[in-house]
Amino acid sequence: MEEFFTYAPAIALLPLAAFVVALVFGDAMPKKGAIAGIFATAGSLGLSLLMLAAVASGEVHHETYYEWAVGDTAGHTAAEGIAFTFGILIDPLSALMLVIVSLIALLVHVFSLGYMNAEGEKGLPRYYAELGLFTFSMLAFVFADNLLMAFMFFELVGLCSYLLIGFWFRTKSAPSAAKKAFLVTRFGDYFFLVGVVAIGATFGTLAFAGDGSFVAEAEAALDGGETLFGFDAETWITITGLLVLGGVIGKSAQFPLHTWLPDAMEGPTTVSALIHAATMVAAGVYLVARMFGYYALSPSALAIIAFVGGFTALFAATMAVVKDDIKQVLAYSTISQYGYMMLGLGVGGYVAGVFHLMNHAFFKALLFLGAGAVIILMHHEQDMWKMGGLKNKAPVTYYTFLAGALALAGIIPFSGFWSKDEILYDAIILGLESNVFLAAYAMGLLAVFFTGFYTFRMVFLTFHGEPRSDAAEDPHGIGWSVKAPLVVLGVLSLVAGVANLAPVGKLLDLDIMFLEGWLDGEYGGLEELTYGFYGDMLPYETALIGGSEETTLLVAAALSLGLAFSGAGLAWKLYNVPEPTEHTQRLGGARDVLRSNYYQDEVQVWLAEGVTLPVARAADRFDQTVIDGVVNGVSSVSLFGSSWLKRIQTGLVTNYAALLVAGFIGLLLVLGVYGGWFL
Amino acid sequence: MIGIEHYIVLSMALFCIGLFGVLTRRNALMFLMSVELMLNAANINLVAFAFYHGNITGQIFALFTIALAAAEVAIGLGIILVLYRNFRDVDVTVPSQMRW
Amino acid sequence: MFPIELSEWAALAPVYILVLSAMVLFVFDSINPRTTNRAFLAGTTTAGSLAALAVAVWFLLAGVGTPQADGGFGAISLFDGQLVVDQLALFFIVVVTVVTSLVSIASYDYMKGHTYQAEYYTLTLLAATGMATMAASNSLVTIFIALELASLPSYALVSILKDNRGSIEGGLKYFLIGALSSAIFVYGISLVYGATGFMQLDAIAENLDADYGPLLGLGILMLIGGFAFKTASVPFHFWAPEAYEGAPAPIAAFLSSASKAAGFVIAFRVFTTAFPLEPTASVIGVDWTVAFIILAIVTMTIGNFAAATQTNVKRMLAYSSVGHAGYALIGLAGLGAGANDVVMGAALMHLFVYGFMNTGAFLFVGLAEHWGVGRTFEDYNGLSAKAPIACVAMTVFMFSLAGIPPFGGFFSKYFLFTASIDAGLLFVAAALVINSALSLYYYSRLVKALWIEEPVLERESLSQPVGLYAAIVFAAVMTVVVLPGFGPVADAAVDAAAAVVA
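Residue numbers (the numbering used here), protein chains in the order written: chain A, 3 to 681; chain B, 223 to 322; chain C, 520 to 1021.
The structure is reproduced here in structure tokens:
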């Protein structure tokens, strides 16, 4: 099946072609570029499935396609010069991610027919072109075989995100949100870039895999006890790893760089589903998984990842509780869920993290598209307090949305339960040994309750009770192009958990953990990029409750499930009534804090206005007065010196002769004194 | 016995006289003559050193110098001629339009 | 690469070609004294210099001067070692002939209507012959003769506009300072001869005698005076602003590029061959590089500072030419610190690039004089509206002279900078940077005048003289393409330098 890999570049190039087609011919095409996009993403999906099959048959694809710069300078550890290349790496992880991305992209393209085309939007060719460009960049990011290429496409998806958030650029809020998203993620990417440079300069390579990968070099440096840039190897690996993590935190909307994501909901809901829930935001987490071997070398970096993840999971979940806008709830839940993934990766649960990434992609895309459907139903109303009673009027939307909600809340047997449970299990077995991980676990566990609560608050407010507005009384119809993706994703949300039924497998001693086997290279893969290999690198010690794996599993599952149910139950009690009322008053002072998102934006604005701006002003004043003064002074002194100096050219040739002789005698004196000629 | 030092002193004196003339004379012809003195100072050196070192390179070169000096004077006189025609004077300080 | 085996005397073929062309013009002039057949005269001059250029390039490529160990023919020594044809000589013959051909092409238009056509071209060719011979001279005798052969026609050329007071004034000053300088130079030769007993450079190096230290030292210093005159370095530079301003623009270009380069080649050769650094220092008690360090710093500073507030464009270029002599002096100032070939190679590169950019700049001034637009910066205001191509070329020259990438001038200056750092001359490097920064001020002033300022007076459309345009555009193109082609030029320069400093 190796010959399939010949087509690997086409996975990304097809959407690129769609981008060009939509941009150039979009206006003339029947669906303004949608058709091109659908065909391209369908092609990408088909090819990605082929890749998946090829990897399943035991093949791995790792090839450099283009070398665009080669440096002579050797790295700190590598003897050879560094080479900057474009290459493709298709292993179990990237093959899986390619399928996820192209599938969601295809579904979103189809959904857009109903959401964008049917609503008579303007600028559709631009929309589809940007969507194509995004898909291209995201897919290329996924199969990138080196960190620099990954960085470049990471930036490109950021650009597409900016363009798409600002799609309705004539409104006031969309451009502002786009700018915010761009700036905040760019702030993280800045650290990422520094990290890329640092890694390249240290190890002389940026490749993810192969003998000369920077992971292998780092491991060798660690084993050799080398000193890198004045630090011992582990500290330096931690520093560079954390620099790269800056980009991850920005892109995956982790605390404290998460503030852009809720604002990004200004973009079309389809875009929110594709970019700001299922794929681009996943890029950060995916990057950690991609270079997991590197992080595995640094327990401190992993602990930070785990703690940030756990904290973000809880933090964002609390904020989601008080939101009125359906998309806002989903936005905060997205942040929270990516927190779980980070937690999973941080505690060494590579499989758990990737598993949740996959499940989340399905159910969150489903929820966003469901929200999109609701928004269509509601004539573009997003406030949940104006909805209600949609259950009977739009059953397809309701049941698929419910499937997504159950998965999100982590109710057995929906997919979200399995992956979240696995993350929490991986966390608790570490937490029993270490306080940091215990704290991270506790936050993750507590977030389960909030997740259950806000999820069902959203469901009940939207679909249950009595209609609370005219629009809810008489919803707009929705077409097949909206329903079909919902159904596909609904089914996936229900069954995707089958991929890795770890608790069941462990309790019944069945070999049904397919994803774990997949990522462990059982079907094929690069030896140094497997779960088992990472597991051996991790220095963690684990403990089990009562010394028994079964007990620990059951306790962990019971805890999280119990919390999820109690959260959902509370929501049911409060909001599953015909005329629900706001209960946020009961939160007292906490309500304002939560509504204001813990004053995060205020803090950041204060940082900009209260700290950066005065510093900038001071620098500006320094520049205006001191620097410019010196510069102007130098120039006027020079010009004055010039007008004085040129006067020695008097125009009288006898003066010239005299000056010439005088200069000559001066030179003679200098040399003569030096050389002792006059003695 | 007249030693090499005497020749050097003579030539240096001649050179300095020439240099003095160059620095003080404003007449272009005098300027030129002073330069000739300096060249001849060099010629004295060359001939004396040729004798001293016992090879005739210096003497031959002195002949070259004399010839080149003549050529230089020819050019110089030409320039002085057009100088006179343009400025009605052979004072080298008169043409001083271009300065600074 | 030699298709036929040439005998050794053929190594001087470029010089012979120049002489022969001059003789052809002589004969033509004597048969037809009042001729105004500019096409024939300029054509012969251009053809002659281009032929000499072609032969010199061919020799370089064929390996004349390349050490025999590297498969070349080795340096060819002629007339009992009085002349030598090696890479250094050929490199500078290339520079000189390139400038000569550019100048003669441009002169076709510039000298239109002038009475003394044949004389002008003959003198140009004879001066070029002198410069080419300077490049190959290997003895103080030949150096002096060649130097005079280059100087005497130059005096006449500067003052060839016999009814133009500026031309006469420039010529007179050039001549008087030149005569004084050559007197000092000859006296220096006589002292060196007295101290060593030899005129030939290698023989001088072998006979450095500690008994005559001060004598030799004074002689060397006087030689430096002669070189400083030829290269327009402080304090022997006083002639340059006036001579360049008064001379016909092509002649100013010729003198400031080719004549300066020729002055440098003899300085390079004399100081590397006749006065090797350490033996000489042990005799005279001081490194002669000290003199060049002082000269380099003072020359670049005075040249650039004086240029900064000029109002006359040609005079600004004249002073900038003094400043560039200061840059090239780094090639001598930095010797003795290890990487000699790189230091001198950098200076050779700079002179090579300078041959294009400075010639082009002066030719643009010539073009402006041809148009009759005036001489000051204000007179140049808004020229780009009428003559965009020439102004683009001039902009290229200005930025390249200032040392802005991606033009050739940036690279040569950058090499000089790194070379002076390598040689430990931090003061020189600092002076180079400061002066380059200052030079950007006055160069960009001209660019601003050309492109941004509004013309003071309404202008009629300007003519497009073919010869001047061709020369300017060619020089501009070379200034730009020397960038991708810099590798070979740099290699040739470093090889040529390595051959003499080794």
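Beta carbons: idealized from backbone N, C-alpha and C, even for Gly. Here the structure is a predicted model, which means the values were calculated and not measured.
Inter-residue Cα distance where the pair is residue i and residue j
i	j	result
ASP385 (chain A)	LEU276 (chain A)	22 Å
MET260 (chain B)	ALA292 (chain B)	14 Å
GLU638 (chain C)	GLY240 (chain B)	33 Å
PHE309 (chain A)	ASP191 (chain A)	21 Å
ILE953 (chain C)	GLU667 (chain C)	35 Å
PHE313 (chain A)	GLU123 (chain A)	40 Å
ALA948 (chain C)	TYR846 (chain C)	10 Å
LEU245 (chain B)	ALA762 (chain C)	20 Å
VAL802 (chain C)	ASN262 (chain B)	27 Å
PRO522 (chain C)	VAL1008 (chain C)	Reliability fails at PRO522 (chain C), whose pLDDT of 47 lies under 50, so the model's placement of it is uncertain and no value is given.
HIS541 (chain C)	TYR674 (chain C)	The identity of residue 541 (chain C) in the sequence shown is Ala, whereas the question assumes His. Roughly 17 Å between the two C-alpha positions.
MET118 (chain A)	GLU228 (chain A)	57 Å
LEU531 (chain A)	SER215 (chain A)	11 Å
TYR274 (chain B)	ASP605 (chain C)	34 Å
ASP1010 (chain C)	GLY582 (chain C)	13 Å
Beta-carbon neighbours of residue i, restricted to chain A and to distances below 8 Å
i	result
LYS692 (chain C)	VAL655, TYR658
SER233 (chain B)	Those do not exist, as SER233 (chain B) stays about 17 Å from chain A at its closest Cβ, beyond 8 Å.
Of the residues the options, the one placed nearest residue i, counting alpha carbons only
i	options	result
ILE480 (chain A)	A:VAL398, A:PHE419, A:GLY355, A:VAL450	A:VAL398
VAL356 (chain A)	A:LEU289, A:ARG588, A:VAL376	A:LEU289
LEU981 (chain C)	C:ALA865, C:THR643, C:CYS910, C:VAL613	C:CYS910
VAL675 (chain A)	C:PRO924, C:ILE923, C:PHE598, C:TRP807	C:TRP807
ILE991 (chain C)	C:ILE536, C:ALA793, C:TYR629, C:VAL603	C:TYR629
TYR129 (chain A)	A:LYS34, A:ARG172, A:PHE216	A:LYS34
LEU224 (chain A)	A:ALA209, A:PHE205, A:GLY212	A:PHE205
THR87 (chain A)	A:SER46, A:SER114, A:ASP147	A:ASP147
SER963 (chain C)	C:GLY986, C:LEU920, C:ALA994	C:LEU920
ALA625 (chain C)	C:ARG557, C:TRP758, C:VAL805	C:ARG557
ALA530 (chain C)	C:ALA654, C:THR565, C:ALA647	C:ALA654
Burial state of residue i, where buried means 16 or more other Cβ atoms lie within 10 Å
i	result
LEU510 (chain A)	exposed
THR715 (chain C)	buried
TYR68 (chain A)	exposed
PRO264 (chain A)	buried
TRP528 (chain C)	exposed
THR553 (chain A)	exposed
PHE824 (chain C)	buried
LYS631 (chain C)	exposed
TRP608 (chain A)	exposed
MET520 (chain C)	Residue confidence for MET520 (chain C) is low, a pLDDT of 45 falling below 50, so the modelled location carries little weight and cannot support an answer.
TYR658 (chain A)	buried
ALA235 (chain B)	exposed
Per-residue contacts from residue i into chain B (C-beta, under 7 Å)
i	result
ARG649 (chain A)	TRP322
VAL705 (chain C)	LEU261, ALA264, THR287
VAL663 (chain A)	LEU241, LEU245
THR652 (chain A)	ARG321
Chain-ordered neighbours of residue i on chain C, where CB pairs are closer than 9 Å
i	result
TYR676 (chain A)	GLY804, VAL805, ASP806, VAL809
LEU305 (chain B)	SER678, ILE687, GLU688, GLY690, LEU691
CB contact check: residue i to chain E, cutoff 8 Å
i	result
VAL314 (chain B)	In the displayed structure, chain E is absent; the protein chains listed are A, B and C.
Interface partners of residue i on chain C, CB under 7 Å
i	result
PHE273 (chain B)	None at all; the shortest Cβ gap to chain C is about 11 Å.
PHE666 (chain A)	GLY744, PRO754
Contact list for residue i against chain C, beta-carbon separation under 8 Å
i	result
ALA203 (chain B)	Nothing can be reported for residue 203 (chain B), as the shown portion of chain B is limited to 223 through 322.
>> Which complete alpha helix (DSSP H) runs does the segment 180 to 255 of chain A hold, if anything under 4 residues is left out?
In response: 216 to 225, 235 to 253
>> If we require 4 or more residues per run, which alpha helix (DSSP H) segments fall completely within the segment 652 to 740 of chain C?
In response: 659 to 677, 684 to 715, 720 to 725
>> As an exercise, report each continuous alpha helix (DSSP H) stretch of at least 4 residues that is fully enclosed by the segment 842 to 918 of chain C, in chain order.
In response: 859 to 890
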